[in-house]
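Numbering (the working numbering), first residue to last: 117 to 866.
Where is the CB? At the ideal position from N, CA and C, for every residue including glycine.
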């Protein structure tokens with residue numbers, strides 16, 4: 117390393133902080149008095165910017181209109197061993213990440229296969245594949261953390277089908293557990309008593325009737341008969357339709373009449389059409405053979421018609437990476453000579469007609485079910501409806517234990533918590549009974565995951581076992597020179613361990629990109645400390661800042677920045693924008709709680725559309741409850757994905773906008789943003805689950821301010837716009853955040 121340092125110094129090459137710190141600590145005689153590493157590297161970067169001027173001017177096609185700021189160019193050129201690119205909202209972090217990869221390949225001549233790019237979800241990963249592998253034309257390894265871990269497990273268990281555990285399978289596991297539990301009525305006396313502090317763990321009907329029946333199936337059959345009589349009195353058609361409509365407006369946990377949890381309203385419509393017409397199908401059934409690279413394939417729908425399989429895929433998105441996956445599946449079925457129905461992204465109202473025509477072309481005969489048959493099936497598809505909160509609490513307990521760094525010491529952790537209570541107290545007795553059933557179900561659940569030919573992994577399991585068996589697998593790892601992580605502010609302990617081990621075994625450089633001001637996923641295990649203290653976890657790391665905001669105006673930069681920087685533990689940023697918008701935030705008052713807010717939203721949509729008919733509009737809510745209420749309005753029509761149409765034919769209104777929760781909007785940009793659902797109560801950081809959450813939650817990081825993560829959620833809502841942000845507010849019931857925001861004087865920044 118001494119020779120490397122001297123060579124770089126003599127030839128005016130960039131010197132990483134890691135190399136400099138090593139020389140300073142071990143060979144300080146090689147460093148001249150007064151030498152400053154930052155001044156030295158800044159001069160190197162100044163020269164590199166001049167030398168590479170033509171390269172950066174033509175980095176992207178002229179039609180893209182992408183020109184990097186000086187901050188972005190410096191981040192691309194920096195040659196650090198460990199580099200944290202701190203990117204404010206709207207500063208072009210993704211463009212910087214893509215440019216970094218391109219520069220490493222074009223100029224540094226790094227083999228593209230030696231670059232690993234990691235992201236947190238499938239959507240952003242597919243976008244990165246588009247921007248890097250497709251647009252640039254290279255072959256970098258771009259993956260989610262879970263996909264990377266999933267590949268490890270397929271190597272670890274080559275003779276097993278490794279499948280991600282979905283909600284359907286989780287409920288199936290719990291049902292079998294509960295059936296066995298039900299056989300011993302004495303246990304239920306103690307369960308009901310011990311869990312009585314939790315709201316509605318068992319329904320009133322269950323508690324009044326469970327002793328009458330020997331088995332849970334007997335109990336449930338009696339319950340179904342009872343509910344059918346009730347529904348007939350109300351009207352079966354209306355009851356069924358109401359149930360289906362409630363599913364359509366959900367963001368997740370959308371359920372078909374048959375009972376499958378599906379991924380979208382489009383898949384639900386397809387599933388319901390098949391079921392209504394008596395066509396038996398399996399949802400996401402594992403295909404008989406593996407695809408390339410031992411990948412498990414699960415078609416959306418598999419129909420067994422007269423002994424012949426028919427496969428249906430619903431392609432509800434439309435972008436380059438998604439279309440590649442679509443073509444891969446089409447080619448796969450063509451190669452297998454399968455009967456295959458491909459359904460592209462079309463309006464939801466047209467799905468049934470398209471599917472009907474496709475099935476008729478295949479000569480499929482229908483055997484329609486009656487409304488009563490379908491309603492009875494809905495009742496039977498949810499055999500745990502009367503004990504759902506009990507199931508939810510036990511499944512949540514399993515999830516929290518698995519998400520925690522302390523899963524391997526779960527018994528000790530629980531016992532330490534319970535033993536903090538006096539042994540003769542009622543709380544101690546109650547917690548000990550809860551402990552018994554929580555741990556009993558945890559063990560049952562774990563055995564059910566790995567007891568058969570198929571191994572079922574929770575998402576957390578993928579990371580956990582990959583990290584646990586990493587040393588066993590490392591000989592099979594690719595040789596990475598660079599590991600680049602997107603959205604690093606969302607990193608969790610298991611993800612960090614996977615990165616650290618992968619970097620260590622490859623001696624790879626680590627480049628992380630993100631924004632601590634937008635760290636909003638602690639409930640999934642992420643910890644903002646991995647970002648704000650990056651150099652603690654990667655000693656010698658260099659922080660590089662992207663300060664040029666491209667998305668919105670300086671006025672919003674100033675106000676949003678003043679709000680979020682009241683948190684003393686977050687990294688300070690001096691963001692600058694070239695555009696201006698006055699006023700950046702407008703507050704529109706309404707009267708009358710939910711109804712008034714919806715009417716106020718309609719008026720605001722009309723005003724924006726009248727002034728800017730071509731603008732994209734995003735409506736953001738802190739929670740799903742208000743979104744469901746808005747979609748219940750007779751003039752709001754739910755369309756594909758998050759798109760909504762406000763249609764009032766009598767008034768000639770037809771306005772399209774997108775609507776979602778703030779969490780779901782992170783990373784998105786719209787011309788104008790409307791924020792709803794912020795009233796006087798600031799939501800708590802707690803999820804409302806019972807005591808086990810306190811045992812296994814992330815280590816509390818004191819940030820020196822109340823509700824730090826809720827402040828970051830609010831900041832995300834503020835920064836989705838290119839122009840203005842509108843808040844619908846009830847002046848008699850404003851949230852503290854809205855009051856604080858409105859008190860910030862834009863003139864203070866002049």
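- Secondary structure of residue 301 (DSSP, three-state): helix.
- Counted as a single uninterrupted DSSP element, the beta strand (DSSP E) harbouring residue 573 occupies residues 570-573.
- Looking at the DSSP output, residue 735 sits in a beta bridge with 775, 790.
- Boundaries of the beta strand (DSSP E) harbouring residue 397: 397-399, taken from the DSSP string.
- At a Cβ-Cβ threshold of 9 angstroms, residue 231 and residue 217 count as neighbours.
- Spatial neighbours of residue 431 in its own chain (CB-CB distance under 6 angstroms, excluding positions within 5 residues in sequence) are listed in chain order as 442, 460.
- Excluding residues up to 5 positions away in sequence, 147 lie with their Cβ nearer than 7 angstroms to the Cβ of residue 140 in the same chain.
- Following the DSSP letters along the chain, one finds residue 642 in no alpha helix (DSSP H), marked with neither H nor E.
- Taking a C-beta distance under 9 angstroms as the contact criterion, residue 445 and residue 413 qualify as a contact pair.
- In the DSSP assignment, residue 406 falls outside any beta strand (DSSP E), carrying neither H nor E.
- Here residue 698 is exposed: its Cβ has fewer than 16 other Cβ atoms, across all protein chains shown, within 10 Å.
- Per the C-alpha coordinates, the member of 835, 387, 844, 854 positioned closest to residue 207 is 835.
- DSSP, read as helix, strand or coil, puts residue 151 in coil.
- Residue 641 places its beta carbon less than 9 angstroms from that of residue 609.
- Rounded to the nearest whole angstrom, the C-alpha separation of residue 778 and residue 786 is 13 angstroms.
- The beta carbon of residue 195 is closer than 7 angstroms to those of 130, 132 in its chain, skipping five residues each way along the sequence.
- For residue 702, the enclosing beta strand (DSSP E) covers residues 701-705.
- Sixteen is the threshold: since fewer than 16 other Cβ atoms of the shown chains lie within 10 Å of the Cβ of residue 309, the residue is exposed.
- In chain order, 197, 598 place their CB closer than 6 angstroms to the CB of residue 625, counting only its own chain and leaving out the 5 sequence neighbours on each side.
- In the three-state DSSP reduction, residue 351 falls in the coil class, being neither helix nor strand.
- In this model, residue 861 and residue 659 are separated by some 31 angstroms (Cα to Cα).
- Straight-line measurement puts the Cα of residue 832 at about 37 angstroms from the Cα of residue 388.
- In terms of Cβ geometry, residue 318 and residue 499 do not form a close pair [threshold 9 angstroms].
- 9 angstroms or more divides the Cβ of residue 790 from the Cβ of residue 742.
- Ranked by Cα distance from residue 684, the options 820, 472, 747 are led by 820.
- Beta-bridge pairing by DSSP links residue 257 to 232.
- Bounds of any alpha helix (DSSP H) do not take in residue 418; it lies within the beta strand (DSSP E) bounded by 417-421.
- Setting aside the 5 residues that flank it on each side, residue 712 is surrounded in the same chain by 706, 846, each with a C-beta closer than 8 angstroms to its C-beta; the list follows chain order.
- The beta carbon of residue 601 sits closer than 6 angstroms to the beta carbons of 234, 628 from its chain, once the five residues preceding and following it are set aside; these are given in chain order.
- Each of 277, 825, 843, 666 was checked against the Cα of residue 181, and the nearest Cα belongs to 666.
- Beta-bridge partners of residue 455 (DSSP): 426.
- By the Cβ neighbour-count rule, residue 374 is buried, with 16 or more other Cβ atoms within 10 Å of its own.
- By alpha-carbon distance to residue 721, the top candidate from 616, 648, 841 is 841.
- With respect to the C-alpha of residue 716, the residue from 793, 691, 687, 653 having the closest C-alpha is 793.
- The alpha-carbon separation between residue 277 and residue 581 amounts to approximately 16 angstroms.
- Put simply, the backbone Cα of residue 545 is about 45 angstroms away from that of residue 848.
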